[in-house]
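Quick note on UniProt numbering: the sequence shown kicks off at 1 and runs consecutively.
The structure under discussion appears below in the form of structure tokens.
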Amino acid sequence: MQFLETKHKEGGTVMSALLSSYCTIITRDRASDDRFSFGAMLARGKDSAGVPAEDEGIPGHHPGSAYTGDNPGIAGALPRLKLGQLPPEATLEGDVRGELEEEDSKEDLGPGKVTLVQHFDQMIKKEEDLDAPSRSEIPYPPSTARDVAMEVQKVKENRDRFKIEGRSGGVAPGVSVCMFTFHNANQGITCMDFSGDNALVAVGMQDSYIRVWSLDGLPIPPTYPDPDDSTPKNSHRLYGHSGPVYAVSFAPSIASPDDAEVKTNARWLLSSSADQTIRLWSLDLWRCIVVYKGHAGPVWSLSWGPFGHYFVSGGHDKTARLWVTNKIRQQRIFVGHDQDVDCVCFHPNSAYVFTASSDHTVRMWSVSTGNAVRMFTGHTGNITAVCCSNDGRLLASADDHGTIILWDLAPGKLLKRMRGHGKGGIWALSWSAESNVLVSGGADGTVRVWDVAGPPSEASTGQSRVLTESGGGTKIDASSSTNAAPSQSATAAASVAGAPKSGTAKGSSAKKKKGKDAVVTADQISAFPTKKTPVFNVTFTRMNLVIAGGAYTP
Numbered sequence: 001m002q003f004l005e006t007k008h009k010e011g012g013t014v015m016s017a018l019l020s021s022y023c024t025i026i027t028r029d030r031a032s033d034d035r036f037s038f039g040a041m042l043a044r045g046k047d048s049a050g051v052p053a054e055d056e057g058i059p060g061h062h063p064g065s066a067y068t069g070d071n072p073g074i075a076g077a078l079p080r081l082k083l084g085q086l087p088p089e090a091t092l093e094g095d096v097r098g099e100l101e102e103e104d105s106k107e108d109l110g111p112g113k114v115t116l117v118q119h120f121d122q123m124i125k126k127e128e129d130l131d132a133p134s135r136s137e138i139p140y141p142p143s144t145a146r147d148v149a150m151e152v153q154k155v156k157e158n159r160d161r162f163k164i165e166g167r168s169g170g171v172a173p174g175v176s177v178c179m180f181t182f183h184n185a186n187q188g189i190t191c192m193d194f195s196g197d198n199a200l201v202a203v204g205m206q207d208s209y210i211r212v213w214s215l216d217g218l219p220i221p222p223t224y225p226d227p228d229d230s231t232p233k234n235s236h237r238l239y240g241h242s243g244p245v246y247a248v249s250f251a252p253s254i255a256s257p258d259d260a261e262v263k264t265n266a267r268w269l270l271s272s273s274a275d276q277t278i279r280l281w282s283l284d285l286w287r288c289i290v291v292y293k294g295h296a297g298p299v300w301s302l303s304w305g306p307f308g309h310y311f312v313s314g315g316h317d318k319t320a321r322l323w324v325t326n327k328i329r330q331q332r333i334f335v336g337h338d339q340d341v342d343c344v345c346f347h348p349n350s351a352y353v354f355t356a357s358s359d360h361t362v363r364m365w366s367v368s369t370g371n372a373v374r375m376f377t378g379h380t381g382n383i384t385a386v387c388c389s390n391d392g393r394l395l396a397s398a399d400d401h402g403t404i405i406l407w408d409l410a411p412g413k414l415l416k417r418m419r420g421h422g423k424g425g426i427w428a429l430s431w432s433a434e435s436n437v438l439v440s441g442g443a444d445g446t447v448r449v450w451d452v453a454g455p456p457s458e459a460s461t462g463q464s465r466v467l468t469e470s471g472g473g474t475k476i477d478a479s480s481s482t483n484a485a486p487s488q489s490a491t492a493a494a495s496v497a498g499a500p501k502s503g504t505a506k507g508s509s510a511k512k513k514k515g516k517d518a519v520v521t522a523d524q525i526s527a528f529p530t531k532k533t534p535v536f537n538v539t540f541t542r543m544n545l546v547i548a549g550g551a552y553t554p
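What follows is the structure in structure tokens.
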């Protein structure tokens, strides 16, 4: 403004009047430090360089609001969300407690070790939580013996898991990744999913079929005797679709002891295809049981609800649909996106569904009402993955520009952007059990681990990294006018035991970045590069081990 006042004869008066009439002017007083210096402002700007404001191009829209009408009275009002965990069924809780007490009586607990019943009490809330949905809002069938056995196993694995505490004193938590690489795929694999019991992997193929393998390579034991084939195999092919298979999803399951009376292994698999259908497959019979029809175009994405019974799909017809396994017609149709619905997922309490579209928005829908309760805008590329945290408070979404965005669901705000992947798409996201670490995998052939709470952004610390083709990185001092030499600032992107060490960039300086290089934000904990293997799926197990899978591309 002072500059315009000094140039009042050259049009400064007109510009001042326009700014005062149509712009909000924020005045900053000089501080004793350099927070408002030109250098500090330029450093802050580097964090969002080339990234538009969260709601740029949407006149009158408020961040997080799903309302797109012209009524200003309700435009900024955000419906209150129920993000707490779904309270357990009273009968189920009693049965689980009885089983856990029996298991505790068999265990020889060491000093200071928590019993299963004590851990179960810590996992569930005794008092009524106003922030949680009621069981009457989301109808479920009565619990079965399998449900009880699954809950018992969940308590065991949650207690005995490898705990990830997040960053502490600059030391990143160690995360291990088990990578499964598929050879001779000839670019025929389109999608992949791992079963919850960590025993099976299913892939969808361009040739219209599905193939399921055992992860340990051993023959898959038959549930029922097969008179036509007495020799068990380590894989099965499922035929039925008449177009490329774009999504596969295992029903919730968990590993059970060998001597368990009730088995909790994977029994059901969903698949969707370009033929506009969704198929439910029995893994006991290896046959298609139900064909669901309703979408008017290819079905791009599928996701089971956290407790089974429900599942959601998204397709080319710009809609997402909620289904129940025992009914062939959809129960809800979520309409509002302007383009294809590419990714879908459930909230952990199953009260909400998330959809991501080619229109660059993510929407949050209420299962009970079918209405949109949140809309998140901020991506500049096509959204390729979306995943909600296990505590139900945060949402992660990723796009084909290699950017991951974290959203705070309650206020509908963008928390931060994390970068490190190359372009081509981040195809999978998964959260740790504690919801403090995120893992991602994509077309650049790397698996990356991210600190959700994270250190201060690189804009405030003045540090970021340039990613090399090997997955490593070289730090750049953003506060200086020239980049530091690699010999002075090269660091390993993988900072934990078992992670591949990053190399320094070639050359005497890092002034120029190659076209293949990407900036890595300080939120990245570690990077695991593969040898030309795009990563189709990454999954945090309940024990906090990461399982990843991809197809080698020679």
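Don't be surprised by glycine CBs; every beta carbon is placed ideally from N, CA and C.
A quick note: this is a predicted structure, and the numbers were derived from the prediction, not measured.
Comparing C-alpha distances from Gly-174 to each of Ser-214, Val-439, Asn-537 and Thr-521 shows the shortest one belongs to Val-439. Of the candidates Gly-315, Gly-98, Trp-431 and Arg-332, the residue whose Cα lies closest to the Cα of Leu-322 is Arg-332. The beta carbons of Ser-358 and Asp-340 sit closer together than 9 Å. Sequence-distant partners of Pro-244 (beyond 5 residues in either direction) whose C-beta falls short of 7 Å from its own C-beta, in its chain, are Thr-190, Gln-206, Ser-208, Ser-273 and Ala-274. Distance from the CA of Cys-178 to the CA of Phe-194, rounded to the nearest whole angstrom, comes to 12 Å. DSSP places Leu-322 within a strand segment (E or B) once states are collapsed to three. Around Met-123, the same chain offers Val-155 and Asn-158 as residues with beta carbons nearer than 8 Å, after the five sequence neighbours per side are excluded.
Look at the UniProt repeat "WD" (292-323) and you find these whole runs of beta strand (DSSP E), each 3 residues long or longer: 299-304 and 310-315. If you compare the alpha carbons of Pro-348, Ala-548, Ser-176 and Met-418 with that of Lys-163, the shortest gap goes to Ser-176.
Shown here for Ala-251: same chain residues with a beta carbon closer than 6 Å to its own, the five before and five after excluded, namely Trp-268, Trp-304 and Gly-308 in chain order.
Ala-77 has its alpha-carbon roughly 52 Å from the corresponding atom of Ser-235. The continuous beta strand (DSSP E) containing Leu-395 extends over residues 394-399. Ranked by Cα distance from Leu-285, the options His-295, Pro-221 and Ala-320 are led by Pro-221. Rounded to whole angstroms, the Cβ separation of Leu-302 and Ala-247 is 4 Å, and the two are in contact under 8 Å. Boundaries of the alpha helix (DSSP H) harbouring Lys-156: 145-160, taken from the DSSP string.
In the three-state DSSP reduction, Val-367 falls in the coil class, being neither helix nor strand. Between Ala-185 and Ala-443 a beta carbon distance of about 15 Å is seen, past the 8 Å cut, so the two are scored as non-contacting.
Residue pairing by DSSP puts Leu-438 in a beta bridge opposite Trp-431 and Trp-450.
Shortest Cα-Cα distance from Gly-336 to any of Arg-542, Ala-356 and Leu-19 involves Ala-356. In the displayed model, Lys-106 falls within a helix according to three-state DSSP. With three or more CB-CB distances shorter than 8 Å, the stretch 376-394 counts as touching the stretch 413-431. Annotation for Val-291: Thr-277 and Arg-279 place their beta carbon closer than 7 Å to its own, counting only its chain and skipping 5 residues before and after. Val-546 and Ser-20 have their C-alpha atoms roughly 54 Å apart. In the DSSP assignment, Gln-276 falls outside any beta strand (DSSP E), carrying neither H nor E.
In this structure, Thr-264 sits near Asp-197, with a CB-CB distance shorter than 9 Å. In the structure shown, Met-123 falls within a helical segment according to DSSP collapsed to helix, strand and coil. The beta-bridge partner set that DSSP reports for Leu-200 consists of Ser-214. Scanning its chain for C-beta atoms nearer than 6 Å, with the 5 sequence neighbours on each side dropped, one finds around Asp-523 the residues Met-418, Trp-450, Asp-451 and Gly-454, in chain order. In the DSSP assignment, Ala-527 forms a beta bridge with Arg-448.
By the criterion of a C-beta distance shorter than 7 Å, Tyr-140 is surrounded in its chain by Phe-307 and His-309, once the five residues flanking it on both sides are discounted. Here DSSP, grouped into helix, strand and coil, assigns Asp-408 to strand.
Apart from sequence neighbours up to five positions away, no residue of its chain approaches Thr-24 with a beta-carbon distance below 8 Å.
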